[in-house]
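Beneath this line is the structure, given in structure tokens, with notes to follow.
Chains as they are written, first to last, in the UniProt record's numbering: chain A, 1 to 499; chain B, 1 to 942.
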């Protein structure tokens, strides 16, 4: 059999390693064999390929050195930086926030974990746990790891020596250049050289190839030149309507913190490509990022109309139902996920909670038991925390106390557990311990109003009015509509004015 | 992800260890049977051609499945089979024939039936109709009525280098190069346009008219051959840029006269184009597709297609809406739809390992049964008992603040350390931070690891506090056998500039015990003092002095310090001098007449180790074998002020560090601001002058570097100050202990309150933590009345100055001096050294002689502690000059400034001191020398 045919067949069957080996042998015999060279390039690329649309890791440096922001203080509801300023955001009293202060999403994606710290100093000082970790710049982190991964796959040194490549020669040959570009961009992760090749190639095809424009935009995006990326994408869009162009364009707008424009673009895309689930879920994600849950859920439901197997949509709708007091409905969605073959600790944990709140007590503990046996290191603390909640619900304070302690044993940054332990200690009358727990909780997560309020109430009882006042103020900052905090603050102000 | 799974109708494994690619499966009525039922044809890369006719029967428990008689034909062909297709390939026959593509050959076969008497007596035969040998390695082929002939299928073979060769049934027609070909893509024939559509290496769809290909020949060479080397460039009719490699192409027409659509499966998207190359719709896939097949059109103008993915699922799309998703057991390489006995529309899939499955879509859930969790018989009474026991245990542990393992298990590994009796010869000390004239010694310690059973991969860590260092910090021991303990030698020496705080080194070994638990074994090394000091001649004068009282006449110092006699050996043993390597000299003097010892040094912190050593050795010396009647106590004034100076100096460094880092932060933000401005300037399309921003950037950068250096320097000196404070604190605590004759428990509390460990952290420094703990003591155990006991702890922040902590320490010392106890429930301490009566006397005497002279040894001269503290601070500066009321038998004076030679009697000394205050500003050296009993002490230092 023809070895090149076999290599190509391996490539199509995704047996990249075998493909690379055959190509290497062919290239040893004939170093100028362009077909095997291209095939090897593509096989190496495919080994590390990640769709750029899905990658959105915003580094600290990008976020803070961002000079593309339109306005430093944006109007309510027009920015992703200060979510919840628009209408309809869920209150933190109902929907808890993640460790970084965003409302919990039903589905973890890149970028949903981190909040946006205000200043560089704050960003650097934020404890870098697994829950809040964010690369210093997006030029490092995952990309560096990819780079090292690509070194591993070619132990004899790089397959293509980029420094000695005559880009102009390759750019003139479209059949070679595209594979080469993807290799440089994805495998070598060398954006500058990729940009050079793309620029030459788009010139040599008289600016008639939308693909090269999209690649230029990808490079510009990675280099942080969002306006240039936008220009290229718009130009590509004029030539040919392709879904990816809309997705990239919206990614640029999200990075420019113009969520409303991004939604507009998505909607334009939807006119061309009706029922495209990637576009629909893109809109939903933006609405979710802006804390507009009603709209987010509406679009997630649209996604399900076109693709009823969409895990992200199902999970997000389920979460929404759960936090809007419809655990029975949420249970149905989660059950569907289970039937579809999702089998992990998070799902069983959610099922357990839904069962508990839907008063199906017989299933609650079995679900949690499963969740505990399946949960990984990072989620096991959350499972214990939720079991603690169930224990609180059935009034078993000892069990609740032990569960929260176990939460802390697994993740000692768990502020909610500290807070709840504080409340339990307070009920036992151990004021000192309670105080210590509250303080630990609010230092860990300053955006969580509960710990502030609890500490304020405790300090008020103990007569430490100054601390109480400060804490109550912080609670109101974290959750402006919290009635009890405002009440306490009013009382204290009244008290102080009497003095 | 799918709710349901594809229901298995019939399946089999084709061959053993054979490989299949896409193209190796064909479903057609290949034997031209009259019932019109489809057969399945497979051809493997190993060259074996098989024809199946699945005929399962319904049984009680489902379908009967594969039976051997389902195989109609199995034939081994000499070459690998790349593709099989059925079509009207033979001239003069309108029956379906089977075209088989080998790497270098195209063969067309007919499958014929020889009827037998019974059903399974039927024989199938494969007859070769014709074959073409190919000049180039083939990749794939497509077929169709090229040139719009009727009822015939011609074949177009595409080779690996992108050449297409047209075969009009038995005869070869022509070959053409496709332009820009590198790796061939899928190719299909569009009957309506009489064109070929293919995906090129430039990742676009190209459509070539058959006519254009046929006439694009050089007029010179009439002869058409496959082995042509060059050809005229052909141009495509239209092209469409899909921007990715195509996996497969299908051209569909489900109704007569309806426009044909071209469906292209890319690596990430599915494209649907009109026959003129306009995009109808596209769909971005969320999984990696492996194959697809358009099968019908349900709605007008729409198309339904099956997509198989690498995630082992089969999806049914109608245009871009997912209609059904079913789980497969394999990754399909190719999917076909066929009509078999009893069942229409059976989905036939083939995996690359040769799993052939015929299935249909059903609502069987993808039966995923979660594995049952460890199910045991529940025995409720037992569980209750266990639960109660555990709860009890938890309760017990929860009551204890610190969880301490109650029973110490015998360790698997034991570390024993032996210090060499003599110093190393030659010394192995390296990387010294200072110089010493005599050379820095080192001492070797033998670390022996003994194991009870065979242990592997032991990591040993040797830790010793700065400024001491060891030749090895960590080392790995591959295994320790119980019969052969492993031995290692580590040398210790003084490396750093500071004074040593402790002479203990820790050796710890990490290992995994036999039960699999990680364990740590710890060993301690007590280093001899001769490692850090060397004997020198005693020095008469020094800045700081300490006097220790005892209840026995002084011992001969040479007897006590036999190992450190040095040049002093042979003397009378009343004075000894030690010098720290690279540090100050400490002199020990033993009084001849009174029961006192005096230690003096230029640095307070330098006294610590020697004092400790003296106390330890004296206790050993006198308590040898007898009743512990010997005791040493400290009766002069606590060196509060000197100690406070150490605190101040440490705090000064902390303040400095804070200032520096604040400045650094400010400069850094300035730097970023300039950077940002520069960036906008540079990114501006119209170049603007930089406005000296670059100079500013440069300048700020230099400042940053400078500040960073300053922080570094400050850190170093802060470490030194912390080290001094550490020594000072240990000395101070020791003195308090000697002064108040504390019990061990009390000393532990004291040691934890005024902790000698000085953390280098900026956030939680020594000052505030000590202040907090001392305040706590003052408010709890040392509180006099309930009023004092209100606890309102302040937040732990860096204080603005050290007044508070100093005040609190002084207050604590005062209370201790009054007999307060650090542990609750003990009677008032009456053993604070020096009988109160004696003190009273002295106090009276002093007040009689002079109001300005502070009484020496005790701070409780006044009952009003608050004012006392205040007054003490007020007189801090004077104290150093005036506070030496106690004089020493050998005439060593306490005050360097005065250098006063004093008489033997302390009380007289006081008087003397008063009178001679002025004239004694110049030390009377001769006098001193006369009084000295040491061997030739030369008062050089003055």
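Built from N, CA and C at the ideal position, the CB exists for glycine as well.
Owing to the predicted nature of the structure, the values given are computational and were not obtained by experimental measurement.
Can you find a CB in chain A that lies within less than 8 Å of the CB of residue i?
| i | result |
| --- | --- |
| residue 310 of chain B | yes |
| residue 241 of chain B | yes |
| residue 45 of chain B | yes |
| residue 871 of chain B | Note on residue 871 of chain B: pLDDT 37, under 50, position unreliable in the model; no value is reported. |
| residue 535 of chain B | no |
| residue 394 of chain B | yes |
| residue 82 of chain B | yes |
| residue 389 of chain B | no |
| residue 713 of chain B | no |
| residue 238 of chain B | no |
Would you say residue i reaches chain B, if we count a Cβ-Cβ gap shorter than 8 Å as a contact?
| i | result |
| --- | --- |
| residue 128 of chain A | Interpretation of residue 128 of chain A is limited by its pLDDT of 49, a score under 50 that renders its predicted location unreliable; no figure is taken from the coordinates. |
| residue 382 of chain A | no |
| residue 132 of chain A | Because residue 132 of chain A sits at a pLDDT of 49, beneath the cut-off of 50, its placement in the model cannot be relied upon, and the point is left open. |
| residue 319 of chain A | no |
| residue 308 of chain A | yes |
| residue 202 of chain A | no |
| residue 38 of chain A | yes |
| residue 25 of chain A | no |
| residue 396 of chain A | no |
Quick one: measure Cβ to Cβ for residue i and residue j, integer angstroms, because I've assumed they're closer than 8 Å.
| i | j | result |
| --- | --- | --- |
| residue 605 of chain B | residue 499 of chain B | 5 Å |
| residue 601 of chain B | residue 542 of chain B | 5 Å |
| residue 440 of chain B | residue 417 of chain B | Wrong, their Cβ atoms sit about 21 Å apart, outside the cutoff. |
| residue 822 of chain B | residue 750 of chain B | 6 Å |
| residue 282 of chain B | residue 272 of chain B | 7 Å |
| residue 646 of chain B | residue 544 of chain B | With 8 Å as the limit, residue 646 of chain B and residue 544 of chain B do not qualify as a contact, their Cβ atoms being about 11 Å apart. |
Pull out every residue of the segment 238-257 of chain A whose Cβ sits closer than 9 Å to any Cβ of chain B, in chain order.
Residues passing the 9 Å Cβ filter: 239, 240, 241, 242, 243, 244 and 247.
Validate contact between the segment 454-461 of chain B and the segment 492-504 of chain B using beta carbons, cut 8 Å, 3 pairs:
The segment 454-461 of chain B vs the segment 492-504 of chain B: no contact.
Counting pairs of beta carbons, one from the segment 318-327 of chain B and one from the segment 14-24 of chain B, are three or more of them closer than 8 Å?
Touching, no, given that fewer than three Cβ pairs across the two stretches are closer than 8 Å.
Taking three-plus beta-carbon pairs below 8 Å as touching, is the segment 116-131 of chain B in contact with the segment 182-197 of chain B?
With the cut-off at 8 Å, the segment 116-131 of chain B and the segment 182-197 of chain B do not touch.
Quick one: any contact between the segment 206-215 of chain B and the segment 245-252 of chain B, if contact means 3 or more CB pairs under 8 Å?
These segments do not touch.
Select from the segment 5-21 of chain A all residues with a C-beta closer than 7 Å to any C-beta belonging to chain B, and list them in chain order.
Residues passing the 7 Å Cβ filter: 5, 8, 9, 12, 13 and 14.
Check each residue of the segment 169-201 of chain B: if its Cβ is closer than 8 Å to any Cβ of chain A, include it; give the result in chain order.
Against chain A - using a Cβ distance shorter than 8 Å - the residues of the segment 169-201 of chain B are 180, 181, 182, 183, 200 and 201.
Any 3 or more C-beta pairs closer than 8 Å across the segment 382-396 of chain B and the segment 334-351 of chain B:
The segment 382-396 of chain B and the segment 334-351 of chain B do not touch, with fewer than 3 CB-CB distances between them shorter than 8 Å.
Residues, ordered as in the chain, of the segment 258-283 of chain A that lie near chain B by beta-carbon distance below 7 Å:
Here the close residues are 273, 275, 276 and 278.
When you check each C-beta in the segment 127-146 of chain B against every C-beta of chain A, which residues fall closer than 7 Å?
Within the segment 127-146 of chain B, those residues whose Cβ lies closer than 7 Å to any Cβ of chain A are, in chain order, 137 and 139.
Can you pull out the residues from the segment 312-324 of chain B whose beta carbon lies closer than 7 Å to at least one beta carbon of chain A?
Within the segment 312-324 of chain B, the qualifying residues are 320, 321 and 322.
If the cut-off is 9 Å on Cβ atoms, which residues from the segment 166-180 of chain A count as contacting chain B, listed in chain order?
Under the 9 Å Cβ criterion, the segment 166-180 of chain A contributes 173, 174, 175, 176, 177, 178 and 179.
Contacting positions in the segment 267-289 of chain B - beta carbon closer than 8 Å to chain A:
The segment 267-289 of chain B vs chain A, Cβ under 8 Å: 268, 269, 279, 281, 282, 283, 284, 286 and 288.
Are the segment 120-130 of chain B and the segment 144-159 of chain B touching, with three or more C-beta to C-beta distances below 8 Å?
Short answer: they don't touch.
Along the segment 2-32 of chain B, what residues have a CB closer than 7 Å to any CB found in chain A?
Cβ contacts with chain A: 2, 3, 21 and 22.
Do the segment 348-357 of chain A and the segment 328-337 of chain A make contact, defined as three or more Cβ pairs closer than 8 Å?
Short answer: they touch.
Please list the segments of the beta strand (DSSP E) lying wholly inside the segment 40-104 of chain B, counting only runs of 3 or more residues, in order along the chain.
DSSP runs (the beta strand (DSSP E)) wholly in the segment 40-104 of chain B: 48-52, 71-76, 83-87 and 97-101.
In the segment 206-218 of chain A, which residues sit with their C-beta less than 8 Å from some C-beta in chain B, listed in chain order?
Against chain B - using a Cβ distance shorter than 8 Å - the residues of the segment 206-218 of chain A are 209, 210, 211 and 214.
Does the count of Cβ pairs from the segment 303-315 of chain B and the segment 467-485 of chain A closer than 8 Å reach three?
No, because fewer than three Cβ pairs between the segment 303-315 of chain B and the segment 467-485 of chain A fall closer than 8 Å, the two stretches do not touch.
Would the segment 312-319 of chain A count as touching the segment 350-365 of chain B if we require 3 or more Cβ pairs under 8 Å?
By the Cβ test, the segment 312-319 of chain A is not in contact with the segment 350-365 of chain B, since fewer than three Cβ pairs between them sit closer than 8 Å.
Can you find at least 3 beta carbon pairs, one from the segment 629-636 of chain B and one from the segment 516-532 of chain B, that sit closer than 8 Å?
At 8 Å Cβ cutoff, the stretches do not touch.
Every unbroken alpha helix (DSSP H) within the segment 719-763 of chain B, with a cutoff of 4 residues, ordered by chain:
For the segment 719-763 of chain B, the full-length alpha helix (DSSP H) segments reaching 4 residues or more read 744-753 along the chain.
Inter-stretch contact (C-beta, 8 Å, three-pair minimum) for the segment 616-624 of chain B and the segment 680-700 of chain B
Segments in contact, no.
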